[in-house]
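In terms of the numbering used here, the sequence shown opens at residue 1051 and continues consecutively. All remarks here apply to the structure that follows.
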Amino acid sequence: MTKREIDPYTGRELTDHEWDGIKELNTPVPKPVYWFLGIGFSICVVLWILLPAWPGISTYTKGILGIDQRDQVNEALAAGKVDRSTWETIVASNDLAELSGNEQILQVAKDAGKVLFEDNCSVCHASGGIGNAGYPTLNDTDWLWGGTVDEIYQTVRGGINSRHDETRFAQMMAYGEMQILSRDEISMLTDYVTSFSEPTQNEQQHTAAAALFETNCSSCHGIDGTGEQLLGAPNLTDAVWLYGGDKPSIYQTIYYGRAGHMPHWDGRISDTDLKLLTLYVSQLSETVSED
Ligand code: HEC
Ligand code: HEC
């Protein structure tokens, strides 16, 4: 081998490549790069020996530490199953009154019930049950159909105006469309209904409207307008509105009537899940009333 030419300026060897009189320096890779490569490779070898690493045809090298994430997953799943079967048995074999006194089950309902709620109910009632126009808020203490666990269970199980045999039935007649009341009478009633929650109206007009209300509306909403949960007739005095409390919305409600529809869940989800949902919904309002 002939000795390579030395570059007079840097003192480095030159390669034999030459372009138009310019020659290329033979610059070696710096030593630290080799050290790092060497250290990195040694660490790999150690890890290959300790941990599962190389795939084979039907198996793989297991590593001398015997660590296997599949085992860890299986253990976690088995623990979850034992957990689930314990609380599932408790939920299935106790009634709601007993379950609502069981802290552990209430906690399960908070977690598992939340998932069920988000999957099945939030399309209408919104995430966390905060409600939408026409879809009641479930995280308050204002109930159309009653807020005890048994009442909530019945509402969810049979639905409202649904095809289930045990559906709840809510019907507010279309007083205008069916020509039961004139437009003027409906306007008077609109003012009157508004006055329940905003008492600033003309007294004299009220006497006539009160009579109309008593004849037409009190059978469901009560003479004082506080509603009747057995009929799903809302409390009109509390400034909580399902369909809006401004005058045009109230007029619309009286003129065209309202009949909210909620599908039944009996047969679509298991009874255990129904109970969990009930406990979840009932806890939504508890957190609010504690405030
Ligand atoms: C398709 C829309 C829809 C879905 C989905 C739905 N709901 Fe409803 N829900 C309604 C409507 C509308 C009402 C009010 C009906 C009425 O006017 O009385 C209601 C009422 C209720 C009430 C009664 C509230 C009260 O104040 O008494 C409860 C409780 C309830 N829903 C729970 C649920 C749960 C739990 C789910 C999920 C399993 C669910 N809903 C899914 C539409 C829905
Ligand atoms: C047969 C029973 C019944 C009668 C009579 C009745 N209502 Fe209703 N009313 C209901 C029901 C049930 C609802 C709830 C409908 C729903 O949730 O879909 C309702 C809803 C309403 C609402 C909407 C409340 C809200 O939160 O948005 C207003 C306002 C109202 N009624 C006013 C009246 C007035 C005024 C009269 C008399 C002209 C009257 N109602 C007569 C059953 C009745």
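All residues carry an ideal CB built from backbone N, CA and C; glycine is no exception. Just so we're clear, the structure is a prediction, and the values are computed from it rather than from any experiment.
- prompt: Based on the DSSP output, what are the partners of Pro1105 in its beta bridges?
  reply: Tyr1110
Cβ-based burial, His1067 [other Cβ within 10 Å; buried from 16]: exposed
query: Can you round the beta-carbon distance between Asn1266 and Tyr1293 to whole angstroms, since I take them to be within the 8 Å contact cut?
result: Actually they do not touch by this definition, with Cβ atoms about 18 Å apart.
- prompt: Under the three-state reduction of DSSP, which class applies to Trp1069: helix, strand or coil?
  reply: strand
Those residues which DSSP pairs with Asp1321 across a bridge: BP columns for Asp1321 are empty, so no partner.
message: With a threshold of 7 Å on Cβ separation, who are the neighbours of Glu1063 within its own chain once the five nearest residues in sequence on each side are excluded?
response: Arg1054, Ile1056, Asn1076
message: At the level of alpha carbons, what is the spacing between Thr1328 and Gly1277?
response: 23 Å
query: Going along the chain, which residues of its own chain have a beta-carbon closer than 6 Å to the beta-carbon of Asn1182, five neighbours each way excluded?
result: Ala1176
query: Leaving out five residues before and five after Asp1118 in sequence, what residues of the same chain have Cβ atoms less than 7 Å from its Cβ?
result: Pro1102
message: Can you tell me which residues form a DSSP beta bridge with Ile1056?
response: Glu1063
- prompt: Which whole-angstrom value describes the C-beta separation of Lys1297 and Thr1240, a residue pair presumed to lie in contact below a C-beta threshold of 8 Å?
  reply: 5 Å
message: Which residue wins for smallest C-alpha separation from Thr1198, given the options Gly1106, Thr1065, Gly1317, Gly1151?
response: Gly1151
field: Residues that Glu1278 bridges to, as DSSP identifies them
entry: Ala1283
query: If we count the other Cβ atoms within 10 Å of its Cβ and call it buried at 16 or more, is His1271 buried or exposed?
result: buried
query: Of the residues Leu1188, Leu1262, Val1158, which one's Cα is nearest the Cα of Met1238?
result: Leu1262
query: Alpha carbon to alpha carbon, how far is Leu1334 from Ile1089?
result: 58 Å
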